[in-house]
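> In the numbering used here, the protein residues as written are 12 to 282.
1) CA-CA distance, residue 81 and residue 207?
2) Using three-state DSSP, classify residue 268 as helix, strand or coil.
3) Quick one: residues in its chain with C-beta nearer than 8 angstroms to the C-beta of residue 33, no 5 flanking neighbours on either side, listed in chain order?
4) By Cβ distance, which residues of its chain are closer than 7 angstroms to residue 223, with the 5 residues on each side in sequence left out?
5) For residue 93, name the three-state secondary structure that DSSP assigns.
6) Under a Cβ-count criterion, where at least 16 other Cβ atoms within 10 Å of its own Cβ denotes burial, should residue 109 be classed as buried or exposed?
7) Can you list, in chain order, the stretches of the beta strand (DSSP E) that have 3 or more residues and sit fully within the stretch 16-50?
8) My understanding is that residue 27 touches residue 63, with C-beta atoms under 8 angstroms, so please give their C-beta distance in whole angstroms.
9) Helix, strand or coil for residue 101, going by three-state DSSP, please let me know.
10) Run through the DSSP bridge pairs and tell me what residue 239 is partnered with.
11) For residue 43, which residues in the same chain have their Cβ closer than 6 angstroms to its Cβ, ignoring the five residues on either side in sequence?
12) Determine the direct distance from the alpha carbon of residue 14 to that of residue 242, and round the result to whole angstroms.
13) So, at 7 angstroms on beta carbons, what are the nonlocal neighbours of residue 185 in its own chain, with the 5 sequence-adjacent residues on each side left out?
14) According to DSSP, simplified to helix, strand and coil, what is residue 226?
15) Take residue 103 and list the residues in its own chain whose beta-carbon comes closer than 8 angstroms to its own, dropping the five residues that flank it on each side.
16) Secondary structure at residue 72, three-state DSSP: helix, strand or coil?
17) If we count the other Cβ atoms within 10 Å of its Cβ and call it buried at 16 or more, is residue 136 buried or exposed?
18) Would you check if the distance between the CB atom of residue 205 and the CB atom of residue 249 is smaller than 9 angstroms?
19) Rounded to whole angstroms, what's the CA-CA distance from residue 53 to residue 268? Just pull it up for me.
20) Among 162, 237 and 270, whose alpha-carbon lies nearest the alpha-carbon of residue 46?
21) Using alpha carbons as the reference points, say which of 144, 143, 164 and 159 lies closest to residue 153.
22) Which residues bound the alpha helix (DSSP H) around residue 191?
23) Going straight from the alpha carbon of residue 220 to that of residue 67, what length do you get?
24) What are the boundary residues of the alpha helix (DSSP H) that residue 213 is part of?
25) Suppose you measure from the CA of residue 203 to the CA of residue 142; what does that come to, to the nearest Å?
26) Answer yes or no: do residue 105 and residue 35 have a C-beta to C-beta separation smaller than 9 angstroms?
27) Beta-carbon within less than 6 angstroms of residue 126's beta-carbon, same chain only, minus the 5 sequence neighbours each way: which residues are those?
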């Protein structure tokens, strides 16, 4: 089955359950699933109930679509995402964000838990993604182009929409939230990077590193969607501090940043 036909099948299955038309898509990163409590939920559909849809296997990723409203804005929210390191092909990893676009979302907010490379950062900071580095994972557009979604060679000069970045900064300022800005790099995972790799990524200009988001942003821009990316710096990357990395630390830091993260996302959606 062609990737586009598979997308249409998934959309058809969802349309059997709801005719909800979202305007904004939100993808929640590790430990950030609690944001769903801020929604007025109209419908929820577990990924497992959508034939052909990839299912997350990672702790902290529930695995379901939520349809509802945030500040009267119709939203589709991914509570849990799938990752390349889980063994899925890149086509599967970006299928959810493409599906959100086909369901009606013209804007997507991508969030993640990330390791800080910039030494001025600290755990608990929020970082607005201004650009990314994608050379460490396969490009999701590799292979036959899906002409129904976009052009063969899409421009990536402004992956992260400048107007959405300004809206995020305004929302942060109104609520007294300190919002860092920087460049995010996606690595394949699941092992954390070595100190030597972090030094290399820092030399390339990266401020934060994670295992998601970049491929989804590329797929969304290919479709013409507007993209905003926000990282929760849940730990400093390997070699920055003299301590080992642990996924439990990621979840703990995400919990501590929960309130300001939720306020920022809600303020951004309201804009």
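Backbone N, C-alpha and C fix where the C-beta goes; we use that ideal spot for every residue, glycine too.
Well, looking at it:
1) 42 angstroms
2) Residue 268: coil per DSSP, three-state reduction.
3) Beyond the five residues adjoining it in sequence on each side, residue 33 comes within less than 8 angstroms, by CB distance, of 78, 85, 86, 87, 111, 114, 115 and 116 in the same chain, given in chain order.
4) 40, 92, 94, 123 and 197
5) Residue 93 falls in the coil class under three-state DSSP.
6) buried
7) 35-38
8) Residue 27 to residue 63, Cβ: 14 angstroms. No contact.
9) helix
10) 120
11) 122 and 265
12) 29 angstroms
13) 278
14) helix
15) 65 and 93
16) Annotation note: pLDDT 49 at residue 72 (below 50); position unreliable, coordinate value reported separately. DSSP places residue 72 in coil when its eight states are reduced to three.
17) buried
18) Taking 9 angstroms as the cut-off, the Cβ atoms of residue 205 and residue 249 count as close.
19) 27 angstroms
20) Measuring from the Cα of residue 46, the nearest candidate turns out to be 270.
21) 164
22) Where residue 191 is concerned, there is no enclosing alpha helix (DSSP H), although the beta strand (DSSP E) it sits in stretches over 190-197.
23) 20 angstroms
24) 206-215
25) Taking the straight line joining both Cα atoms gives about 21 angstroms.
26) no
27) 220, 246 and 248
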